[in-house]
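Residue numbers (the working numbering): 174 to 502. Everything on this sheet refers to the single structure shown next.
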């Protein structure tokens, strides 16, 4: 007898892991897919954790420029911040189905819970997403399956409705009980992986869209790094800590064209980059860089500047806290 294969969409959160476990309990063959976007990365440790928890092959699919287009202008609007949940889900499901056809999977499995997310997980929105993705009846949502319309997998006898759940709403009690039953102890919190739901980061995105016509993958990487300041037509990005400095240096080395790079010479402090640098902007950026260094507040310090082929130093005093707070995004 042919063993039916499904493809599970995995986010790292508890719900998608439980959904996959429920389908494995029904004796299905399974492969998993994890999506990476310019705003979310999954390291090898996450992939390995999925393999360990589920014992299945994991595929990684990157969504790049087309994903950024929906962040800038989502057809179905935003969630609480700049999270284009419905458009994002449609894009991921379409990409997952292309993969499913390549690996011989008959249907998709997600960890969606009816009513858990106000924008994308109401019954009418789940139906809309299926239609827009061209996947009517091909998406199984095991956690809420008993409350949702019959799927193709049920009609064909590939899965049993009795083996699915009736979870709805934002409560987590049933999922936590299931996690204990399945022996799942490590997982991300709900929505913990989507930086687009963060109000502070959302301000950066909105500010970016205001000043730029088209977001690139490189732009997205810069948006994730450091503290951001707008000075005229320039964007100033200042490292928050040593780890942030390492990220900024790596991005600077690979950037084309290269932004200006600033650093306080005699004190521990941040790396700063200036996108679209102007001479007046560089002086202000140097003052901000000094502000976040260990330099005494009223002491002039030397700041090194690399701007294209130009290399020079300028002496500045750290910017005041009040002035800095007026420039930060």
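The beta-carbon is built from N, C-alpha and C at its ideal position, and this holds for glycine as well.
query                                                                                                                                                                                   : result
If you reduce the DSSP assignment to three classes, tell me which class residue 391 lands in.                                                                                           : helix
Could you check which residue in 488, 454 and 476 has the C-alpha nearest to that of residue 500?                                                                                       : 454
Rounded to whole angstroms, what is the Cα-Cα separation between residue 179 and residue 263?                                                                                           : 18 Å
For the stretch 274-291 against the stretch 341-353, do three or more pairs of beta-carbon atoms, one drawn from each stretch, fall closer than 8 Å, so that the two count as touching? : yes
Since residue 432 contacts residue 447 with CB under 8 Å, what's their CB separation in whole angstroms?                                                                                : 6 Å
Between the C-alpha atoms of residue 207 and residue 200, what's the straight-line distance to the nearest angstrom?                                                                    : 22 Å
How is residue 414 classed by DSSP in three states: helix, strand or coil?                                                                                                              : coil
For residue 354, count neighbouring Cβ atoms within 10 angstroms of its own Cβ and tell me buried if that reaches 16, exposed if not.                                                   : exposed
Check whether the stretch 259-273 and the stretch 212-229 are in contact - that is, three or more C-beta pairs closer than 8 Å.                                                         : no
As a quick exercise: from 435, 181, 483 and 191, pick the residue whose alpha carbon is nearest that of residue 348.                                                                    : 191
Could you please give the first and the last residue of the uninterrupted alpha helix (DSSP H) stretch that includes residue 179?                                                       : It is not in any alpha helix (DSSP H) - residue 179 instead sits in the beta strand (DSSP E) that spans 178-182.
Is the separation between the beta-carbon of residue 204 and that of residue 276 shorter than 8 Å?                                                                                      : yes
According to DSSP, is residue 324 part of a helix, a strand, or is it coil?                                                                                                             : coil
Does the Cβ of residue 386 have 16 or more other Cβ atoms within 10 Å, making it buried, or fewer, making it exposed?                                                                   : exposed
If you draw a straight line from the alpha carbon of residue 394 to that of residue 195, how long is it in whole angstroms?                                                             : 36 Å
Determine, using beta carbons only, whether residue 213 and residue 367 come nearer to each other than 8 Å.                                                                             : yes
Between residue 463 and residue 409, how many whole angstroms is the CB-CB distance? I'm expecting something under 8 Å.                                                                 : About 13 Å separates the two Cβ atoms, so there is no contact after all.
For residue 319 and residue 182, what's the separation of their Cα atoms in angstroms?                                                                                                  : 20 Å
If residue 437 and residue 466 are in contact, beta carbons under 8 Å, what's the gap, nearest whole angstrom?                                                                          : 4 Å
Report the CB separation of residue 306 from residue 241 in whole angstroms; it is logged as a contact under 8 Å.                                                                       : In fact, because the Cβ distance is near 19 Å, the residues do not count as touching under 8 Å.
Mapping the DSSP letters down to three states, classify residue 477 as helix, strand or coil.                                                                                           : strand
Check whether the Cβ atoms of residue 444 and residue 418 lie closer than 8 Å to each other.                                                                                            : yes
Using three-state DSSP, classify residue 268 as helix, strand or coil.                                                                                                                  : helix
Secondary structure at residue 364, three-state DSSP: helix, strand or coil?                                                                                                            : Below a pLDDT of 50, predicted positions are generally treated as unreliable, and residue 364, at 47, falls in that range; no measurement from the model is reported.
Select from 231, 246 and 331 the residue whose C-alpha is nearest the C-alpha of residue 279.                                                                                           : 331
Whole angstroms is fine: what's the gap from residue 245's alpha carbon to residue 398's?                                                                                               : 19 Å
Would you grab the beta carbon distance between residue 486 and residue 477 for me? Rounded to a whole angstrom, and I think it's under 8 Å.                                            : 5 Å
What distance in whole Å lies between the Cβ atoms of residue 495 and residue 461, which are believed to be in contact at a cut-off of 8 Å?                                             : With a Cβ gap of about 13 Å, residue 461 and residue 495 do not count as contacting.
Could you say which of 308, 297 and 313 lies nearest to residue 285 if we only look at CA atoms?                                                                                        : 313
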